[in-house]
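Taking it in order: structure first as structure tokens, then the write-up.
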Amino acid sequence: MKGRIHSIETCGTVDGPGLRYIIFMQGCPLRCQFCHNPDTWKIGDGKEMTVNELVTDIEDYLPFFQASGGGVTVSGGEPLLHVKFLIALFKELKELGIHTAIDTAGGCFSKSPTFLKQLDELLELTDLVLMDIKQIDPVKHKVLTGMSNEHILTLARYLDEKGIPVWIRHVLVPGHSDNDEDLKQLSYFIHTLNNVKKIEVLPYHKMGVYKWEALGLNYPLEGVNPPTEARIQNASKILNA
């Protein structure tokens with residue numbers, strides 16, 4: 001089984017508990033205006049790697065996982081574009097007793113029987129889902145990401161039905177996802193779910209702007225600055241209320 005891999009980070013500390021081996025998959029249906037990895041968007045790009053190649057490399061980090069309570073996180077791009085590959089990978093990781101996590105924006109979630117059957121098999125092998133919710137307002141979400149959030153919120157509810165532990169993550173973008181009323185609506189939605197173990201506010205940053213320029217793309221948030229510490233704390237307070 002082969003997958004399209006954009007890149008790998010071997011000692012991540014922010015994408016799940018403990019030290020993480022993070023696999024960034026290639027391909028994403030969203031076009032977030034604040035994306036810091038636009039080079040992951042194109043489906044079919046990236047380096048082909050087999051499950052065995054990844055597992056062989058991952059095994060070297062077992063002592064770090066065991067000492068820190070860490071494991072492997074598959075991110076992107078959008079990892080749920082690669083469900084079959086993730087199933088094969090996570091089966092091998094579970095044989096090694098490794099904690100597994102998926103970092104998803106849910107952009108390709110579908111309630112088709114075929115997709116749900118594969119997703120259910122994957123979720124049985126998944127210890128944690130990091131769920132990115134960019135904007136609760138559907139109109140603002142489409143402006144910000146190029147897509148409606150209807151199926152994304154449906155995925156959040158589906159994970160709740162399945163009892164999958166979830167960390168909700170919200171990128172705080174001044175003028176786009178930093179409105180108190182929107183944050184209150186998002187907080188209300190989050191608190192209708194019973195599987196949320198943590199809520200994280202991720203401050204918008206400009207570290208990926210150079211990638212847009214390298215790809216010949218106009219960066220849409222050129223005049224937007226990162227949020228102040230006061231706004232970050234405000235958002236955290238509202239979402240965790």
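The numbering of the sequence shown is full-length UniProt numbering, which starts it at 1 and goes up by one. Glycine included, each C-beta is placed from N, C-alpha and C at the ideal position.
Item to check | Element boundaries [beta strand (DSSP E), containing D103] | outcome: For the purposes of this step, residue 103 is taken as the residue at position 103 of the sequence shown. Taken as a continuous stretch (DSSP letters only), the beta strand (DSSP E) holding D103 covers 99 to 104.
Checklist entry - Which residue comes first and which comes last in the beta strand (DSSP E) that contains D132? => result As a working mapping, residue 132 is identified with position 132 in the sequence shown. Run containing D132: 128 to 132, per the beta strand (DSSP E) assignment.
Item to check | H191 classed as buried or exposed, judged by whether at least 16 other C-beta atoms fall within 10 angstroms | outcome: For the purposes of this step, residue 191 is taken as residue 191 along the sequence shown, with counting starting at 1. Classification for H191: exposed.
Item to check | Residues bridged to K47 (per DSSP) | outcome: Here residue 47 refers to the residue found at position 47 of the sequence shown. According to DSSP, K47 bridges with I5.
Item to check | Counted within 10 angstroms of its Cβ, other Cβ atoms place Q135 as buried (16 or more) or exposed | outcome: Taking the first residue of the sequence shown as position 1, residue 135 is located at position 135. Counting Cβ neighbours within 10 Å, Q135 comes out buried, since at least 16 surround it.
Checklist entry - G46 and I5: beta carbons closer than 8 Å? => result The residue given as residue 46 occupies position 46 in the sequence shown. The residue given as residue 5 occupies position 5 in the sequence shown. Their beta carbons are under 8 Å apart, which means G46 touches I5 by this criterion.
Next on the checklist: Between W167 and K197, how many whole angstroms is the CB-CB distance? I'm expecting something under 8 Å.
Outcome noted: The sequence position of residue 167 within the sequence shown is 167, counting from 1. The sequence position of residue 197 within the sequence shown is 197, counting from 1. Correct: roughly 6 Å between the Cβ atoms.
Next on the checklist: So the candidates are E92, K84, Y188, H82; which of them puts its Cα closest to the Cα of E53?
Outcome noted: Translated into the one-based positions of the sequence shown, residue 53 becomes position 53. Looking at the Cα atoms, E92 is the closest of the given residues.
Item to check | Beta carbon of residue 256 nearer than 8 Å to that of I102 | outcome: Absent from the model: residue 256. The displayed extent of the chain is 1 to 241, so no value can be given.
Checklist entry - Hey, out of Q118, P17, C35, whose CA is closest to V173's CA? => result Within the sequence shown, the letter at position 173 stands for residue 173. Of the listed residues, the one whose Cα sits closest to V173 is C35.
Item to check | Nearest candidate by alpha-carbon position, reference E181, set V51, L239, K2 | outcome: By 1-based counting over the sequence shown, the position of residue 181 is 181. Considering only alpha carbons, the answer is L239.
Next on the checklist: For the alpha helix (DSSP H) containing F90, name the first residue and the last one.
Outcome noted: Position 90 of the sequence shown, counted from the first residue, corresponds to residue 90. Residues 83 to 95.
Checklist entry - Among the residues of its own chain, which have a CB less than 7 Å from the CB of I232, if the five just before and after it don't count? => result By 1-based counting over the sequence shown, the position of residue 232 is 232. Here the set comprises L172, V201, P203.
Checklist entry - Does any heavy atom of the ligand PLP sit closer than 7 Å to the C-beta of V83? => result By its list of ligands, the structure shown contains no ligand whatsoever, and the ligand PLP lies outside what it can speak to.
Checklist entry - Sorted by chain position, which residues of the same chain lie with C-beta nearer than 6 Å to V55's C-beta, five sequence neighbours on each side aside? => result Position 55 of the sequence shown, counted from the first residue, corresponds to residue 55. These residues qualify, in order along the chain: E92.
Item to check | Cβ-based burial, L80 [other Cβ within 10 Å; buried from 16] | outcome: Here residue 80 corresponds to residue number 80 of the sequence shown, with the count starting at 1. Classification of L80: buried, given that the 10 Å Cβ count is 16 or more.
Next on the checklist: Measuring only the C-alpha atoms, how far is V209 from E9?
Outcome noted: Here residue 209 corresponds to residue number 209 of the sequence shown, with the count starting at 1. Here residue 9 corresponds to residue number 9 of the sequence shown, with the count starting at 1. Their backbone Cα atoms lie some 20 Å apart in a straight line.
Checklist entry - Any idea if R169 is buried or exposed, counting beta-carbon neighbours within 10 angstroms, 16 or more meaning buried? => result Against the sequence shown, residue 169 aligns to sequence position 169. Answer is buried; the Cβ neighbour count reaches 16.
Item to check | Length of the line joining the Cα atoms of N149 and F109 | outcome: By 1-based counting over the sequence shown, the position of residue 149 is 149. By 1-based counting over the sequence shown, the position of residue 109 is 109. Computed Cα separation, rounded: 11 Å.
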